[in-house]
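Right, one structure below, let's go through it.
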Amino acid sequence: MTPHKELEVDIWRGAEDGHFHRFRVPYRDNQTVLDVVTWVQRHREPGLAYRFACRVGMCGSCAMAVNGRPRWTCRTHVSKVSRDGALTIAPLRNLPKIKDLVTDMTGFFEKWQKAGGRHRGTASRHDPPARVPPDSAPRRAADAGVECINCAVCYAACDVVSWMPEYLGPAALNRTWTLLNDERYDERQALLTAVSVAGGCHSCHTHGSCAEHCPVGINPTLAIAGLKRATLTGHLPGGGP
Amino acid sequence: MIRTARTHPGVWAALAHRLSGLMLALFLPFHFLALGLAIEGEAEFDAFLQWSDQPLVKFGEWGLVVLLSVHLAFGLRVLAIEFLSWPGHLKQMIGAGAGGALLVGVIFLMNAA
Amino acid sequence: MNEARLYLLQRLSAMILAPFVLVHLGLVIYAVRGGLSAAEILSRTQGSLFWMLFYGLFVVAVAVHAPIGLRNVLREWTPWRGQGLDWSLTAFACLLLVLGLRAVAAVVL
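These protein sequence lines are chains A, B and C, in that order.
Residue numbering for the first sequence follows my numbering, starting at 182 and increasing by one per position.
Residue numbering for the second sequence follows my numbering, starting at 21 and increasing by one per position.
Residue numbering for the third sequence follows my numbering, starting at 76 and increasing by one per position.
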């Protein structure tokens with residue numbers, strides 16, 4: 182029987198000019214970082230602001246910086262990340278802080294739209310469905326990226342985002358790549374123009390932090406490499422207008 | 021300036037590539053000026069080369085050789101990821117690049133001594 | 076000159092430079108044996124069409140590659156950007172080209 186232990190948890194309070202506040206939290210077996218945040222809000226600081234939803238690793242809402250690293254807190258076991266019983270929890274990097282652990286994701290979604298994020302089909306309900314072979318190269322390329330749930334972990338991990346405010350970022354550009362590989366999307370050429378702006382795909386310097394941190398196993402670095410190649414040749418994956 | 025998420029090998033490779041490139045870019049005009057001394061004649065050029073035959077300058081030359089090798093190695097990594105679709109997180113590739121660059125530096129030292 | 080064009084020039088010049096750098100490194104290591112001397116270097120380069128073309132092309136590729144790389148670094152790590160930056164880098168490219176080709180002429184002619 183393990184002796185009763187306590188964690189020393191530093192949690193960010195306030196907005197941009199906030200500070201870390203230290204809480205003592207009872208240690209439990211199989212505790213996740215989200216469990217810790219929830220305990221603090223219920224037992225110590227009712228005003229602590231944080232986001233979560235599914236708490237089972239599907240929605241991406243609980244993404245925060247744990248010991249400096251962006252991750253899903255519901256999927257992060259305290260036993261794996263605490264150092265000598267200590268832990269630091271902060272809001273995601275590269276996003277404006279609203280309060281405590283909550284960030285403003287407006288900019289993240291605006292870049293998503295700017296990079297062409299919204300799917301627009303060319304066919305109508307009167308047309309037969311497109312016959313897309315699932316093992317064709319463009320479909321496999323798109324499939325590798327469509328699981329993205331916009332949690333912004335990659336965006337927080339990306340150094341170029343932190344250096345360059347106009348950089349569209351890994352999530353938005355990965356999304357563009359999935360659309361470029363989708364023959365049902367209209368105006369795929371316009372996507373290439375959208376990512377060739379200053380702060381577009383050519384600003385990626387292949388650090389690979391996005392792929393390193395993505396909880397869903399997506400590799401935006403490779404998607405962006407595909408975008409770069411496409412902007413050079415002007416060829417659309419799978420051919421077509 | 022650089023407060024990364026987890027600083028993993030890909031970030032080190034990219035930073036080494038960038039910093040070596042910066043230093044090489046700053047060094048280049050001086051390199052061209054030194055070579056350009058030959059315009060004034062072989063004697064002038066030789067005087068400069070004799071001056072360069074001292075330990076501190078040799079150390080600088082070694083540094084430049086390493087910088088160039090590092091820049092080449094991690095530049096090849098970028099080209100492989102972008103044009104050959106190699107998965108960027110292949111730590112072995114990065115390790116090999118760094119090792120290769122240092123090897124070139126060692127070979128230089130063996131020949132310069 | 077848009078971003079895609081600059082990216083193309085950067086990667087193309089990189090692909091050209093890779094083998095050139097390997098040859099240059101090999102030559103540097105060979106030449107440094109027994110100490111550097113003007114006589115040894117010039118005896119190799121003077122009157123050589125090969126070295127003139129090799130280093131001439133090397134200089135042109137570097138004059139393209141280095142300023143574009145610098146542009147990324149300055150735009151991301153300093154507040155400097157826009158037309159002023161682009162023109163300054165064009166000037167740097169010209170400087171590298173002029174000094175570089177002058178250096179090639181110096182050892183080849």
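Positions of the beta carbon are idealized from the N, C-alpha and C atoms, including for glycine.
Just so it is clear, the structure is predicted and the values come from calculations on it, not from any experiment.
Please report how far the alpha carbon of residue i lies from the alpha carbon of residue j, in whole angstroms.
i: P346 (chain A); j: R80 (chain C); result: 22 Å
i: C395 (chain A); j: A244 (chain A); result: 11 Å
i: W106 (chain B); j: L128 (chain C); result: 33 Å
i: V214 (chain A); j: S263 (chain A); result: 10 Å
i: G157 (chain C); j: Y348 (chain A); result: 15 Å
i: A45 (chain B); j: L164 (chain C); result: 12 Å
i: Q294 (chain A); j: P309 (chain A); result: 28 Å
i: L149 (chain C); j: E60 (chain B); result: 36 Å
i: V378 (chain A); j: M43 (chain B); result: 28 Å
i: G119 (chain B); j: V126 (chain B); result: 10 Å
i: E102 (chain B); j: K409 (chain A); result: 8 Å
i: G80 (chain B); j: L92 (chain C); result: 22 Å
i: A467 (chain A); j: G419 (chain A); result: An answer regarding residue 467 (chain A) cannot be provided, because it is not within the stretch 182 to 422 covered by chain A.
i: M182 (chain A); j: R209 (chain A); result: Note that M182 (chain A) has pLDDT 39, beneath the 50 cutoff, so the model's placement of it is unreliable and the number below is only indicative. Those two C-alpha atoms are separated by around 12 Å.
i: D198 (chain A); j: G228 (chain A); result: 17 Å
i: F68 (chain B); j: L57 (chain B); result: 8 Å
i: L145 (chain C); j: C339 (chain A); result: 20 Å
Exposed or buried, residue i, counting other C-beta atoms within 10 Å across all chains shown (16 or more means buried)?
i: W71 (chain B); result: exposed
i: M21 (chain B); result: Caution is warranted here: a pLDDT of 38 is assigned to M21 (chain B), below 50, making its placement in the model unreliable, and the coordinate value is therefore given only provisionally. By the 10 Å Cβ count, M21 (chain B) comes out exposed.
i: S305 (chain A); result: exposed
i: H388 (chain A); result: buried
i: H140 (chain C); result: buried
i: N362 (chain A); result: buried
i: T412 (chain A); result: buried
i: K292 (chain A); result: buried
i: D281 (chain A); result: buried
i: Y105 (chain C); result: exposed
i: P401 (chain A); result: buried
i: C255 (chain A); result: buried
i: N355 (chain A); result: buried
i: P75 (chain B); result: exposed
i: D367 (chain A); result: exposed
Starting from residue i, trace the alpha helix (DSSP H) both ways and give me its first and last residue.
i: R365 (chain A); result: Segment: none, R365 (chain A) is in no alpha helix (DSSP H) and carries neither H nor E.
i: M90 (chain C); result: E78 to A106
i: G379 (chain A); result: It should be pointed out that residue 379 (chain A) corresponds to Ala in this sequence rather than to Gly. Note, A379 (chain A): premise wrong, no alpha helix (DSSP H); not H, not E.
i: V12 (chain B); result: A question about residue 12 (chain B) goes unanswered here, because the residues of chain B that appear run from 21 up to 133.
i: A166 (chain C); result: Q158 to V183
i: I279 (chain A); result: Where I279 (chain A) is concerned, there is no enclosing alpha helix (DSSP H), although the beta strand (DSSP E) it sits in stretches over K278 to K280.
i: G56 (chain B); result: P29 to G56
i: P401 (chain A); result: P401 to T414
i: E197 (chain A); result: Run containing E197 (chain A): none; DSSP gives neither H nor E here.
So, for residue i: in the same chain, excluding its five sequence neighbours on each side, which residues have a beta-carbon less than 6 Å away from its beta-carbon?
i: Q370 (chain A); result: none
i: V397 (chain A); result: E328
Name the two residues that bound the continuous beta strand (DSSP E) containing residue i.
i: W193 (chain A); result: E187 to R194
i: L268 (chain A); result: A267 to A271
i: W253 (chain A); result: R250 to W253
i: M245 (chain A); result: A244 to V247
i: V206 (chain A); result: H200 to P207
Looking only at its chain, what residues have a beta carbon closer than 7 Å to the beta carbon of residue i, apart from the 5 residues adjacent to it on each side?
i: L171 (chain C); result: V137, A138 and A141
i: V134 (chain C); result: L172, G175, L176 and V179
Given 7 Å as the limit, tell me if residue i has its C-beta closer than that to any heavy atom belonging to the ligand ADP.
i: C329 (chain A); result: As presented, the structure is devoid of all ligands, the ligand ADP included, so that no description of it is given.
Short of 8 Å in beta carbon distance, which residues of its chain neighbour residue i, apart from the five on each side in sequence? Order them along the chain.
i: F201 (chain A); result: D191, I192, W193, R194, T269 and A271
Would you say residue i faces chain F, with C-beta separation under 8 Å as the test?
i: D340 (chain A); result: Of the chains in the structure shown, none is chain F; the protein chains are A, B and C.
Members of the segment 348-376 of chain A near chain B, C-beta cut-off 9 Å: none
Proximal residues, the segment 119-131 of chain C versus chain B, C-beta separation under 7 Å: The residues in question: there are none.
Selection of the segment 28-49 of chain B by Cβ proximity to chain A, strictly under 7 Å: H28, G30, V31 and A34
Residues from the segment 79-109 of chain B in contact with chain A, defined by Cβ distance under 8 Å: Correct list: R97, V98, I101, E102, F103, S105, P107, G108 and H109.
Contact residues within the segment 82-115 of chain C, judged by C-beta distance below 7 Å to chain A: Y82 and L83
Contact residues within the segment 380-398 of chain A, judged by C-beta distance below 7 Å to chain B: H386, T387, H388, G389, S390, A392, E393 and H394
Near-chain B residues of the segment 397-412 of chain A (beta-carbon distance less than 9 Å), N- to C-terminal order: N400, T402, L403, I405, A406, G407, K409 and R410
Members of the segment 165-178 of chain C near chain B, C-beta cut-off 7 Å: L170, L171, L174, G175, R177 and A178
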